[in-house]
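In what follows, a structure is listed as structure tokens, so that the remarks can point back to it.
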Amino acid sequence: MVEDILRQMKTYAKRRDIQALRGVSVLLVIFYHYSIGGFKGGFLGVDIFFVISGFVITQKIATGSGSVRAQLLSFYQSRARRILPVSLLSLLGIAIASSFLLSPLNLHQYMVEGIGVLLTIPNLIFLNQNTDYLSQSLDPSPFLHFWSLGIEEQFYLVWPLLFLLFLRNRKKAVYVLTGLSLVFALLTTYNFSEVYSFYLPTSRAWELLIGASLAVSKKTIEGAKKNLVACIGWGGVVLSVILIGSDQPTPGVSTILPVLSAGLIILADAKLSTNRFLEWLGDLSFPLYLVHWPLIVILNFRSPEPSVVSRLLLIALALGLSLFLHKFVELKFRSVRGFKKRWIGIYFALGAVAISILAVSSYSFNNSTSAIKFDLTSPAIYDNGCHLPFKESEPKSSCIFGDQTSDSKIMLIGDSHGAQWFPALEEFATQTKRKLVTFTKSGCPATDLPLMRGGITDSECVKWQRALPKKLASEKPEYVIIANATQITAKVATPTNSYVNTWSAGFSSFLEKLKAQDLKVIVIGDTPYPGKNSPSCLSVHLKDPTLCDVTRTRTPSSTVTKEISLKYGAAFIDPLDWICDGATCPAVRGGINVYRDNSHLSVAFTRTLVPALTDALNKVT
């Protein structure tokens, strides 16, 4: 009996190397989010956290005693005391701060996400919103970092039941489940949806199960081999942070390296892996993780290009807040025995307060009087399936608008910067009794420019681009209207060439094909890029919207596009004079927000350009 007690005491005692690994993980995540030190793979700190959690939790379950019911009850109570109090206070703090410091346009969305946090399903909420964690082009949510906590909470809910009730040959079962989850993750990432794979607990389970595998294997490293294995593990972590970037599919093949490296560090249990400072950070890692993200979201919103000094000061603030939460909340509840039923009521009551704060603030803004009529809607072709998302290349068979009985046909092709012109072109087609056919796709310009997305060639874009000439040949439009984004966020597949040269070659090749088909082509130049979420900026600068204006120079390739267009006999329409006044491009015109996000023209504003666009098109048709 004494041996059992000593064994359990050793099991539950904090391992210094694991605490240090926690400290490194949270540092990597913070440096990545705060853009400090060039840690392009810092987001992998979350994957390391998963391995640690899988190991610690499984070891705790495997060494438990008593009936299955008693073990499950003890485990769930322990997890609730560990996670829920700090999470709840973070939720409440974020709700209050967001209502005062972030864009009121997003508060309803934050309310929904807050409910997801309260119900421990934030990852599924972000999945439903199709949120790309690694490529945040719009205002990132202050609740976004809770996605990983959702994964862990869902694992904690299911794993003890599987482990204690259903798994007979536990070691073999854990290994099989780990392999199955990894295969599922890779298949989902590369063949279905990276966003689904990122947020689904079934795609992340293998990372936690790697830790679980270590716990059930009971394998130990002895003597000098400890330091060797630890060094290999730490080397893998360093290589991962240096070599793996957010442009690579996650979770993907590259994720295996940091996960296995973390496993080696845990397996080694080496003194080499201990460090007092990192262990201290490891003790603070949970509250520090929860508070660091909303702070940088607020700073980036209020100061789009914060200095290094301001970011370092923010880290100091995050440390201070996490120290408070650790000492007065986390440790207090961890030391409490049992679980009081009234805590559940308090949890949901305070959670309801947080959600209510967001709801009331959102309602107040939406019902306030403002000189700006915000239009955040996307063009209709986004809703009817005619504008294709990233992962699709086949549109609906019938994407015909305007005067559908007319024999005169015009065709709009391009990426989302082409689709933004749909509202105006639809009115133009209706007024001039023409048929309008659309063929547009997000992130995929109408060029012969091969793109890479997520570190691999965008196969769906390539399919769509290759289908363009055939589509044009079958439709036989009177005029082809091309509009593309020339400042593309995805990387071109030939990075050895300069951006302009690569773009020029791809667009020239495409126009040459259209010229060979004897098609009449009209190219609409690109529009300025605000570089920030323009409506969000306006929502906090209602008294002085000029603070959200941008410069005309934020269209780097318009000149090049015009030269190439004229070279191949295409007409060129430059929309900059419709959007900009001299060197400045106002964020508001006629009381309407010019942009619906950080890049695309709003539907309402585009419709105001119908007269100008009609005049320009009549001159070249």
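For the sequence shown, my numbering assigns the number 694 to the initial residue and increments by one for each residue that follows.
Backbone N, C-alpha and C fix where the C-beta goes; we use that ideal spot for every residue, glycine too.
Q) With a CB to CB cut of under 7 Å and the five nearest residues on each side skipped, what residues in its chain are close to Val867? A) Here residue 867 refers to the residue found at position 174 of the sequence shown. These residues qualify, in order along the chain: Leu902, Ala905, Ser906, Val909.
Q. Which same chain residues, not among the five before or five after Phe1121, have their C-beta less than 7 Å away from its C-beta?
A. Taking the first residue of the sequence shown as position 1, residue 1121 is located at position 428. The residues are Val1303, Leu1306, Thr1307, Leu1310.
Q.
I'd like the ranges of any alpha helix (DSSP H) spanning at least 4 consecutive residues and lying wholly in the region 915-990.
A. If we require 4 residues or more, the alpha helix (DSSP H) runs fully inside the region 915-990 come out as 918-936, 949-961.
Q | Continuous alpha helix (DSSP H) stretch holding Phe1017: start and end | A | Against the sequence shown, residue 1017 aligns to sequence position 324. Segment 1001-1018, the alpha helix (DSSP H) holding Phe1017.
Q. Are three or more beta carbon pairs between the region 1152-1159 and the region 1066-1085 nearer than 8 Å?
A. yes
Q: Using the DSSP secondary-structure output, state which residues sit across from Gly1107 in a beta bridge.
A: The residue you call residue 1107 lines up with position 414 of the sequence shown. Paired residue(s): Thr1133, Ala1176.
Q) Do Ile1257 and Leu1207 have their CB atoms nearer than 8 Å? A) Reading the sequence shown from its first residue, position 564 is the one you call residue 1257. Reading the sequence shown from its first residue, position 514 is the one you call residue 1207. No, Cβ-Cβ distance for Ile1257 and Leu1207 is not below 8 Å.
Q: Measure the alpha-carbon distance for Glu1023 versus Thr1254 and round it to whole angstroms.
A: Within the sequence shown, numbered from 1, the residue matching residue 1023 stands at position 330. Within the sequence shown, numbered from 1, the residue matching residue 1254 stands at position 561. Cα-Cα distance, rounded: 58 Å.
Q: Could I get the ranges of all uninterrupted alpha helix (DSSP H) runs contained in the region 752-828, with 4 residues as the minimum, in chain order?
A: Complete alpha helix (DSSP H) runs here, min 4: 761-794, 800-811, 815-821.
Q) Taking Cβ positions, are Ile1106 and Thr1123 nearer each other than 8 Å? A) Numbered from 1 along the sequence shown, position 413 holds the residue referred to as residue 1106. Numbered from 1 along the sequence shown, position 430 holds the residue referred to as residue 1123. Cβ distance not < 8 Å, so Ile1106 and Thr1123 don't count as in contact.
(Q) Please report the straight-line C-alpha distance between Thr1179 and Ile1217, rounded to a whole angstrom. (A) For the purposes of this step, residue 1179 is taken as the residue at position 486 of the sequence shown. For the purposes of this step, residue 1217 is taken as the residue at position 524 of the sequence shown. Looking at the two C-alpha atoms, the distance is approximately 11 Å.
Q: Pull up the distance between the alpha-carbon of Arg753 and that of Lys733, whole angstroms please.
A: As a working note, residue 753 is residue 60 in the sequence shown. As a working note, residue 733 is residue 40 in the sequence shown. Note that residue 753 is Lys in the sequence shown here, rather than Arg. Computed Cα separation, rounded: 34 Å.
**Q.** Outcome for Val1193 when other beta-carbon atoms lying within 10 angstroms are tallied against a minimum of 16
**A.** Numbered from its first residue, the sequence shown carries residue 1193 at position 500. The residue is exposed, with fewer than 16 neighbouring Cβ atoms inside 10 Å.
Q: Below 6 Å CB to CB, which residues in the same chain sit around Gly945 once its five sequence neighbours on both sides are set aside?
A: The residue you call residue 945 lines up with position 252 of the sequence shown. Answer for Gly945: Thr882, listed in chain order.
Q.
Which of the three DSSP states is assigned to Val1233 in this structure?
A. What you label residue 1233 is simply residue 540 of the sequence shown in a count that begins at 1. Of the three classes helix, strand and coil, the one that applies to Val1233 here is coil, per DSSP.
(Q) Taking the beta carbon of Phe970 as the centre, do at least 16 other beta carbons fall within 10 Å, making it buried, or is it exposed? (A) Position 277 of the sequence shown, counted from the first residue, corresponds to residue 970. By the 10 Å Cβ count, Phe970 comes out exposed.
(Q) I need the straight-line Cα distance from Thr1125 to Asp1274, nearest angstrom please. (A) Translated into positions along the sequence shown, residue 1125 becomes position 432. Translated into positions along the sequence shown, residue 1274 becomes position 581. C-alpha separation (whole angstroms): 29 Å.
Q) Excluding the five sequence neighbours on either side, which residues of its own chain have a C-beta within less than 8 Å of the C-beta of Ile711, listed in chain order? A) Position 18 of the sequence shown, counting from 1, holds the residue named residue 711. Cβ within range, chain order: Ile745, Phe748, Val749, Ile959, Gly975.
**Q.** First and last residue of the uninterrupted alpha helix (DSSP H) at Phe1067
**A.** Position 374 of the sequence shown, counting from 1, holds the residue named residue 1067. Careful: Phe1067 lies outside any alpha helix (DSSP H) and carries neither H nor E.
Q | Arg708 burial status per 10 Å Cβ neighbour count (16 or more: buried) | A | Counting from one through the sequence shown, the residue named residue 708 turns up at place 15. Buried: at least 16 other Cβ atoms inside 10 Å.
Q: Let me know if Ser1055 comes out buried or exposed under the rule of 16 or more other beta-carbons within 10 Å of its beta-carbon.
A: Along the sequence shown, read from residue 1 onward, the residue named residue 1055 stands at position 362. Under this definition Ser1055 is a buried residue.
Q. Using DSSP with H/G/I as helix, E/B as strand and the rest coil, what is Phe885?
A. As a first step, residue 885 is located in the sequence shown; it is residue number 192 there, counting from the start. Phe885 falls in the coil class under three-state DSSP.
Q. Should Tyr892 and Trp840 be called a contact, given that it needs their Cβ atoms to be closer than 8 Å?
A. Taking the sequence shown and counting its residues from 1, one reaches residue 892 at position 199. Taking the sequence shown and counting its residues from 1, one reaches residue 840 at position 147. Yes. Within cutoff.
**Q.** Endpoints, the alpha helix (DSSP H) within which Phe1094 is located
**A.** Your numbering for residue 1094 matches position 401 in the sequence shown. Note, Phe1094: premise wrong, no alpha helix (DSSP H); beta strand (DSSP E) at 1093-1095.
Q | Helix, strand or coil at Lys1128 according to DSSP, with G and I counted as helix | A | The residue you call residue 1128 lines up with position 435 of the sequence shown. Correct three-state label for Lys1128: strand.
Q: Check the DSSP bridge columns for Arg861 and list the partner residues they point to.
A: Counting from one through the sequence shown, the residue named residue 861 turns up at place 168. Note: Arg861 sits in no beta bridge, so no partner.
Q. Got a sec? Which residues, its chain only, sit under 6 Å from Leu1018 by beta carbon, not counting five neighbours each side?
A. Within the sequence shown, residue 1018 is the residue found at index 325, counting from 1. Result list for Leu1018: Val779, Pro980, in chain order.
(Q) Can you tell me whether Leu837 is helix, strand or coil according to DSSP? (A) Taking the first residue of the sequence shown as position 1, residue 837 is located at position 144. Leu837 carries a coil assignment under DSSP once its states are collapsed to helix, strand and coil.
Q | Residue range of the unbroken beta strand (DSSP E) whose run includes Ile1215 | A | Translated into positions along the sequence shown, residue 1215 becomes position 522. Taken as a continuous stretch (DSSP letters only), the beta strand (DSSP E) holding Ile1215 covers 1214-1217.
Q: Write down the C-beta distance between Asn1177 and His1110 rounded to the nearest angstrom, noting that I regard them as a contact closer than 8 Å.
A: Position 484 of the sequence shown, counted from the first residue, corresponds to residue 1177. Position 417 of the sequence shown, counted from the first residue, corresponds to residue 1110. Asn1177 to His1110, Cβ: 6 Å. Contact.
Q.
What does the alpha-carbon distance come out to for the pair Thr1189 and Phe1200?
A. Here residue 1189 is taken as the residue at index 496 of the sequence shown, counted from 1. Here residue 1200 is taken as the residue at index 507 of the sequence shown, counted from 1. Any answer about Thr1189 is weak, because its pLDDT of 46 lies below 50 and its placement is not dependable; what the coordinates show is given next. One C-alpha to the other measures close to 18 Å.
Q | Helix, strand or coil at Leu1302 [DSSP, three-state] | A | In the sequence shown, counting from the first residue as 1, residue 1302 sits at position 609. Leu1302 falls in the coil class under three-state DSSP.
Q: Note down the Cα distance separating Leu770 from Phe1032, rounded to an integer number of angstroms.
A: Taking the first residue of the sequence shown as 1, we reach residue 770 at position 77. Taking the first residue of the sequence shown as 1, we reach residue 1032 at position 339. Checking the sequence, you will find Gln at residue 770 rather than Leu. If you take the alpha carbons of Gln770 and Phe1032, they lie about 6 Å apart.
Q. What residue does the alpha helix (DSSP H) around Phe1026 start on, and which one ends it?
A. One-based indexing of the sequence shown puts residue 1026 at position 333. Residues 1024-1027.
Q: Below 8 Å on the Cβ atoms is my guess for Val930 versus Ser954; work out the distance and round it to an integer in Å.
A: The residue labelled residue 930 in the question sits at position 237 within the sequence shown. The residue labelled residue 954 in the question sits at position 261 within the sequence shown. Going by Cβ atoms, the distance from Val930 to Ser954 rounds to 5 Å, so yes, they are a contact pair.
**Q.** Closest Cα partner of Thr1246 within the set Ser896, Phe1021, Ile1272
**A.** Along the sequence shown, read from residue 1 onward, the residue named residue 1246 stands at position 553. For the residues Ser896, Phe1021, Ile1272, the minimum Cα distance to Thr1246 belongs to Ile1272.
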